[in-house]
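Residue numbers (our numbering), protein chains in the order written: chain H, 780 to 1304; chain Z, 4 to 304; chain G, 18 to 439.
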């Protein structure tokens, strides 16, 4: 294993194999690209097309030459990172400049379709018809409806152009109340009707000035009115019953259809750019501003506290159990891993039950009557305690692993120098351990900084002080702001994205600051 | 792998050769610490186990020590009446195995470059990596959903509600273990690979033949960490996996509990117990690599 | 208290509707397994190109599986019923928008406002006879802005369960009587009503309305007016005062949550329980001798009105099989058979009047719930309701804990109004 010299002949064989592998790999990449690129162009999936082209280019640039050695190692992981982490982040930053959210997820056309489509009302007391859809040419239409009145059995026909009229008797054959054949028409099967439902839905067979027969399902039609109509030329929606006109106007920072008084007429709006509105809302919202700093302070305490407590316990246990002479060491280690083996959400939900003041396990076992979840201070303790339980095995595993990599001669040397076991641990082993683990602590801090689940599943941010609805006693920034973003009339992704970006910037600054600290450690090494 | 001698000066003396006082000073207190930690770790677990055996399966009827014993909840789960539990097991194994293996492999590749090779943007790259991992991921899920939905149009195999699609999304975290592994790389003396290079080995040979073997403990560790991390995901999973036969354990169990907690505690706890077991078994297997004496290789020369 | 167990209804809207965004819990609408019966070990593979795809939460999916499949066979169609593990409503909206959604959705009526503002559902045109066959509360609930958006099939509300062994007044006429009888019976807790640390406006609604509180005023056309928020008005303050009184007496406690409320009753620790039909199975399993009655109001005040939550089928606006989806809805509307088959697996009080009669003999309690629901108030389905749950719940929990009713309710009212205004 540790033989440092590679025999020359082995080197050559490896190269030949490597060459074959390389050719096969590059060949399959090229083949995949040839297959995928036209497909993506056809689907207009520009984002994925860009990914494909860039990836292929990168693979060929990196792996056909002898240069870019670091690139060869970094590329595979980076590929996934860029596609599935960085791109979504960029898209999210993009969302932060839009009104994306409930009520404005789609296009303007979709909103119009929804508004007008929802205004279709069936005429009270009008009959229903069995429907057979016919076409003279392609299955894509144009369509002609053959209808049989379900109550009278009379047969009618009509199309988008041709109003409803009784059908000539010998032109169609009817069996069990349904037109089964029609001269000169190909009749659609139910599946075909289903496949072309959208187009067929546009067919309204005029009955009189206000009502028309429309498709209901694969074999039925009904008589109804569509009260709202969109006038494309004027970009307005008209109520055909009352004559009321709705135009596009600006309400609450976004465009929507408004009535004559400029009041919003329909809940549907559409996805649109809003510039920096979401950001200015974050900084001008009074209740957010006031609570931001307090939440920020607790976020720091929570994140740092979680890291310190889990690390301290994990390290202490790793050190204590890292001794050959302990019997059942394996057993200890296995059992200490248990909390980590429980999926986090299960652990959080179970712990939240433990803290119940009257019926919870903790108060019952200890005989205390602590109001764990109702008192802000105890709730904070509860959160840290649970997070400690969930997190210490992680630190324990990592520290146990790290202890193994500390060369035994280091310890030996310290011992020979007369250091006590404690001194060796504190002055020699721990600093060495920190070198490899410090970055992990930074990452762990960052993770907890945005550890939404820990807060949400355990306390839901509570307890909330009287008359304070923005920030609960255990709310960290992310849980507080998400509640604001999603607590109004539905989810507001645009605003939530803006908040995420701001939080990201803050975490980034903090991490960069901490990074200097780890750099210091690395240099010591 | 034989156990290494971490403290070579110590004569692994049997206990009876030590005085009780010395034994306690050197070994005994460690047991106390260990037992205290065990109690802390085990109480909630005991509660889960007790709940899984409690035939009533409600929150208020569950105690730390089971009063009644029944395997009903396990039977219910395994019978499939609450969903294809065994299938979820298999799916979880596939997803965790593939993602954890890939994550460790790709991370170790990148760590090698970050630790051993010098190039422009090395520190910047490390920092960027850390920053990206910090983005509050909850939100970018909407973007990911849309992306995968589009991808599924072109390659249905990788679309929504497919295990491969879910797997590639999780692979976004492929470099998640770089920091940890790089830290360990840094502790391996550089002379080791420099010597190999001088002897005419290529960087790839140095990496695979010299460095990788010395990394066994951390590879085993990161594999476990990555695996458990993947196993716990239910947020992404519940958005992506809608068909029953595509769900993972976490998604299935979460759904079960979300439906009705007070009633379902028993079944849910049984599911949690069954989820824990493979992880513990795996740790048993990996433990010898994690704490085994593989570092001896690194310092032998 | 994290998971609200009356899932289906409402609370969902209360919390983060983010696409998976963490709110993870609260809404509990769903779950794991939909493989219908216990008989089959592994789930049948869902046909990739089913003619009709239906999304529902765990229990409803399980109940719907067989009936839907049978219906499909009779029509020559393949039907796939899928369980969505988390956040059914927001998952549906997101998936539908991306063109990956189902054709039909089974969900609570209070989602309608949000579904409509997202253009996620199409209206349904129910035949006139079908409308006549339904309980008015069911139709009422699925009507939004004058349009019918779903085919209702079940209705739920909460009611009062009394443990006859622990009280001699199984159907008290007033809350005061209930408290007195509950205390006299010697039970550990007179009443088990889930409050939780964050309050539970759903469970508290009967008390809130009895003391004169309302949530939204009505517009001229009968719809709710989001600009008239009732929280913070006089009625809500008197409700707060009453709640505080009950808190002081130890009747309402924040330590009673949705996790333990039912089991307190089934373990014989509480004389009364306020809960819904979902509690029936547990209570019967625990062999409690109980009586079911409407929740009483406060003495001399108004009638207590719980929320009614209606479950309905919705047609997705972007489903690939809209024709078949409508066909299914019309089949449900035409005859109660399909709903009756679902009832066999998931006993929800039906809204079909004929079915109510049919089931009354064998399932008197379930049908009683359907009757209580007639007097209940359909949960507001306007999207603005999402802004109400949390502040109102917190205010109620704090008031029970001793906070000033007037300032708490007014504060909550202001928070709600601000949040609605954006």
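Even glycine gets a Cβ: it sits at the ideal position worked out from N, Cα and C.
Look at residue 136/Z here: in three-state DSSP terms it is helix. When Cβ-Cβ separations below 7 Å define contact, residue 115/G makes contact with chain Z. Here residue 367/G is bridged, per DSSP, to 171/G. Taking the Cα of residue 1097/H as reference, the smallest distance to any Cα among 1112/H, 1106/H and 1088/H is reached at 1112/H. Annotation: residue 856/H to residue 180/Z spans about 10 Å, alpha carbon to alpha carbon.
No Cβ-Cβ contact shorter than 7 Å links residue 246/Z with residue 189/Z. Against chain Z, a Cβ distance below 8 Å from residue 1287/H picks out 134 and 137.
When C-beta distances to chain H are compared with 9 Å, the residues of the stretch 160-176 of chain Z below that value are 171, 172, 173, 174, 175 and 176, in chain order. If you check each beta-carbon in the stretch 223-240 of chain Z against every beta-carbon of chain H, the ones closer than 9 Å belong to 223, 224, 225, 227, 228, 231, 234, 235, 236, 237 and 238. Residue-level contact check: residue 805/H does not touch chain Z, since none of the beta carbons of chain Z fall below 7 Å from its beta carbon. Chain Z places no beta carbon closer than 7 Å to that of residue 215/G, leaving this residue out of the contacts. In the structure shown, residue 923/H adopts extended strand secondary structure according to DSSP, grouped into three states.
For residue 1118/H, the three-state secondary structure derived from DSSP is helix.
For the stretch 104-135 of chain G, the beta-carbon criterion of a distance under 8 Å to any beta-carbon of chain Z is satisfied by 104, 108, 111, 112, 115, 116 and 117.
For residue 71/G, the enclosing beta strand (DSSP E) begins and ends at 69-73.
Under DSSP, residue 954/H shares a beta bridge with 957/H. In chain order, 425 place their CB closer than 7 Å to the CB of residue 415/G, counting only its own chain and leaving out the 5 sequence neighbours on each side.
Inclusion of residue 209/G and residue 1137/H in the CB contact set at 7 Å is not warranted, their separation being larger than that value. The DSSP-derived three-state label of residue 1134/H is coil. In the DSSP annotation of this structure, the continuous segment of the beta strand (DSSP E) that includes residue 937/H starts and ends at 934-938. The Cβ atoms of residue 890/H and residue 1049/H sit closer than 7 Å to each other. Residue 949/H carries a helical assignment under DSSP once its states are collapsed to helix, strand and coil. Just measuring C-alpha positions, the residue of 985/H, 915/H, 870/H and 1244/H sitting nearest residue 408/G is 1244/H.
Beta-bridge partners assigned by DSSP to residue 1043/H: 1037/H.
The beta carbon of residue 74/G does not come within 7 Å of any beta carbon belonging to chain H, so the residue lies off that interface. Per DSSP, the continuous beta strand (DSSP E) segment holding residue 1005/H begins and ends at 999-1005. Proximity of chain Z to residue 1231/H at the Cβ level (cut-off 8 Å) is accounted for by 139 and 141, in chain order. Interface with chain H (7 Å Cβ-Cβ cutoff): residue 180/G is excluded.
Taking the Cα positions, residue 310/G is about 6 Å away from residue 176/G. Residues of the stretch 309-336 of chain G whose Cβ lies closer than 7 Å to any Cβ of chain H, in chain order: 334.
The DSSP-derived three-state label of residue 289/G is strand.
A direct Cα-to-Cα measurement between residue 115/G and residue 823/H gives close to 15 Å. In the structure shown, residue 95/G adopts coil according to DSSP, grouped into three states. Close to chain Z, meaning a Cβ-Cβ distance shorter than 9 Å, are the following residues of the stretch 1166-1185 of chain H: 1167, 1168, 1171, 1172, 1173, 1175, 1176, 1177, 1179, 1180, 1181, 1182, 1183, 1184 and 1185.
With a threshold of 7 Å between beta carbons, residue 149/Z makes contact with chain G. For residue 212/G, no Cβ of chain Z is located within less than 7 Å of the residue's own Cβ.
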